[in-house]
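Numbers 1 to 704, taken from our numbering, label the letters of the sequence shown in order. Glycine is no exception: its CB is placed at the ideal position from the N, C-alpha and C atoms. Okay, structure first, notes after.
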Amino acid sequence: MDLSLSTVPKSVVLVSPSLSSKIKTMFSKVSDQFEFVETEYDEYAKLDGYSQFDYLPKSFGFFEKDGQHRFYASAFLHQGFMLAINVYYNMVFGDDTMDHIRVGYVDTSKVKENKSPLNNLIESLVTSFAISFGLAMIMSSVIVERVKKFKHQIYLASAKTFIYWLAQLLSDFTFYFVLVTFVFVCYLLVAKPLPLCALGIVPFYFLYFFSGLFLCYVLSLGFESPTKATVIILAVHAVIPLILHFCIILFVHEAGRLLSGFSDQAMYFRAMLSVFLPTLGLVTAQDALSEVCVAKADLSASMYTDSKKVGMTLGSLFLSSVVYLSILLLIETKMLKRKQKEENPGNEDEEDADVAEERDRINGISGEELALAVRNLSKNYGTKWAVQGLSFGMNSNECFGLLGTNGAGKTTTFDMLTNQTSASDGSASILGTPVEQTPTIGYCPQFDSLSDNLTGRETLTLLGRLNGFKSVKDRVELVLECVFLSEMADELTKTYSGGQKRRLSIAVCLMSGSKFLVLDEPTAGVDPATRRHIWDLLIAMRNLNKAILLTTHSMEECEALCTRIGFLRAGRLRGIGTSQHLKSSYGNSYVLTIILKSLKKEDAEYVNKVVSKAFDISPSTDLDQRSISFDIPKKSDVSWSSIYEKVEGVVREINSQRKSKTADSKESQESKERVASKEEEIVSDFYLVQNSLEQVFTRLATAK
């Protein structure tokens, strides 16, 4: 059918100066319908797409470059392509004028309405937001693994930093590929078929995966709360770039009308921002390619070189990937952490003789000869020293207990030994390997470091494979039986109770093939029967020539497991030795406990008076129980047996007072009252013991 050009909306025709006169002649009969703008193709191609709003909705044109004719047809004027084709044939066959064109019949019910530039902008923003939103959401698992220190467990199981992040990257790529495919399918369902040149966006999506994901990885390292981190990452990674992109569009469109060459400056500025905000680069790439696809429908390498915006955006995304990957590796390898310049103030208090002897022993022996060698280890946070000049060593098949009150420096020491934090001064090595190199060890932290998305069996299997066991399945089954978790093995760890999680943490420690185990309060929250079983298990591990370093608040556990004990107070080692040695050295008294047969207050007061007078000690202040305790000071010239004999005599004296008569009227009256009130003996039993380890602990913890 014929279409009269007088029915075509008033249009703008872009034309090269060399073709201007010929084109104008062709349209002379309908010149009122067209406005001709002379411009070269190169000048038009480098214009920012959004400064062409006045042209794109109703334009077509003809350009001459390198001896070749190129015609341009706007996708927003459905007659544009037909006009351009007709003009081209008229030029070829020599028709000088034209007032109508020949078009074919089209079933308009099957043709979708053409889109405006605003529609394309909205599509670009929506697709970019969907993809960036997906990347931000998957960061939750990365943050949880780090906060719960399951990632650190993986590092302690011989996994290197590069291997961990490579595995994470491959996992996230699978999700990203599915996400991008879903977005494209949705786009195809609601939009017209894409031209072949639209596939040019693929390299941008590929680069955006790396730049966007590396940015998310870096941002995730700064948060402890997964929820808060997801919100912030979503804002930085998705919302802010898209808002910024829209603002740039409006600003460039308005400023471009007033300032010559402003669009070029804006293009450079946007390329620079895209390095730090990859999502901005992705949106820019989609817009730039839509402009290129208007001019050419084929897919070729020239589409990245002919358009400066496309090429610069591609380079920005590549540079962004390199920048954020470098930052991630610098942080993970601790290369950005500065060496502390503060000097250790040293020991202001007089050092215990045993502690000084241990320091000299460690300084005179090679670290390779010890399971653990700690030399002058110190850590400060600003002006506060959490650990100061810590020195001790461990041999194989030794269990060393590090005791101290909360805030004494135990957790900080463990963090340095497991390379979770760097020492400010001093050094430490495990099995001859410096702790900075994260040697392979078995580690049970104070708070369970487990992945909520894995079962108990999957957790142990993963760590067993990382530790290099050949028969992983058999090892896992054995360890599960040892901690009584066989029945719960296939349940997700997030469904475990506190005690079950603690047992699984011990199982994680036992899955290590290392000869050095570190346990921070291993039986906290575990029932008594299981606790005893775990003690037997750890003793068996020690007998297998494994060295065990542990901390606990249970003195009973410490005496049952530890061959040597060290006491920390205010970050310094205050005492070291076997349990018996510490009780002998720091237990400066005997504990006398007298058990009464009744709860009568007058009996307790009488016993308190007689005992305190006999041993010249302070009276007991706790008289509300049937048992009364006294501290009897040690004397170098008095043996334990002689004190025991004296106690026996005092008890006989107390029990015999009811039958005796004394010259003192007051005492005689007291004796009569006791005989009248009670025919039985006052004291039913007594015992005299050395200070317990708990009492030694209390003395060392409260000493000034």
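Take G315, set aside five residues on each side of it, and the residues of its chain with a beta-carbon closer than 8 Å to its own are A271, in chain order. Inside the segment 505-550, DSSP marks whole alpha helix (DSSP H) runs of 4 or more residues at positions 528-543, from first to last along the chain. In the DSSP assignment, S629 forms a beta bridge with T593. The C-beta of Q625 has fewer than 16 other C-beta atoms within 10 Å across all chains shown, which makes the residue exposed. Cα atoms of N588 and S641: separation of roughly 16 Å, rounded to the nearest angstrom. Note that the segment 415-426 does not touch the segment 462-472; fewer than 3 beta-carbon pairs, one per stretch, sit closer than 8 Å. Only residues of its own chain outside the window of five on either side were considered, and among them T418, T438, T440, I441 and Y443 have a CB closer than 7 Å to the CB of L156, listed in chain order. Our two residues, L454 and F173, have alpha carbons roughly 20 Å apart in a direct line. Classified as exposed, A235 has fewer than 16 neighbouring CB atoms from the shown chains inside 10 Å of its CB. With 16 or more other Cβ atoms from the protein chains shown falling within 10 Å of its own Cβ, I154 counts as buried.
Counting only runs of 4 or more residues that sit fully inside the segment 603-656, the alpha helix (DSSP H) segments are 640-656, in chain order. Shortest Cα-Cα distance from I576 to any of G311, N691 and L700 involves L700. Its chain contains D452, N453, L454 and T455 as the residues whose beta carbon lies nearer than 8 Å to that of L492, once the 5 sequence neighbours on both sides are disregarded; these appear in chain order.
Between F697 and M555, the gap from beta carbon to beta carbon is short of 8 Å. A straight-line Cα-Cα distance of about 17 Å links A524 and E694. Per the DSSP secondary-structure output, P434 pairs in a beta bridge with S429.
Considering only F209, K334 and R564, the residue with the shortest C-alpha distance to Y176 is F209. L537 and L403 do not touch by the CB rule: their CB atoms are close to 21 Å apart, not below 8 Å. The C-alpha of G571 is placed about 23 Å away from the C-alpha of G364. Beta bridge pairing from DSSP links T230 with no other residue. Using a 10 angstroms sphere on the CB of I243, the tally of other CB atoms stays under 16, which defines it as exposed. By the neighbour-count criterion, in which 16 or more other beta carbons inside 10 Å mark a residue as buried, N380 falls on the buried side.
With respect to the C-alpha of L273, the residue from V323, I233, L221 and T227 having the closest C-alpha is V323.
Contact between the segment 608-615 and the segment 642-655 is present: 3 or more CB-CB pairs across the two stretches fall below 8 Å. Three or more beta-carbon pairs drawn from the segment 127-134 and the segment 221-240 are found closer than 8 Å, and the two stretches are therefore classed as touching.
Going by DSSP, M139 is part of the alpha helix (DSSP H) stretching over M139 to V147. Around the C-beta of L213, 16 or more other C-beta atoms lie within 10 Å, and the residue is accordingly described as buried. Under DSSP, G442 shares a beta bridge with L517. Classified as exposed, T25 has fewer than 16 neighbouring CB atoms from the shown chains inside 10 Å of its CB. In this structure, S396 lies away from V387, with their beta-carbon atoms at least 8 Å apart. For the pair of segments examined, the segment 596-607 was found to touch the segment 679-689: the number of CB pairs separated by less than 8 Å reaches three.
Look at V483 here: in three-state DSSP terms it is coil, with no helix or strand label. Residue state for A235 is assigned as helix, using DSSP reduced to three classes. Taking 8 Å as the upper bound for CB-CB distance, A507 and V472 are not in contact here, some 13 Å apart. Inter-residue distance for T621 and S627 is about 12 Å (C-alpha atoms, whole angstroms). In its chain, beyond the 5 residues on either side, P439 have a beta carbon closer than 6 Å to the beta carbon of T433.
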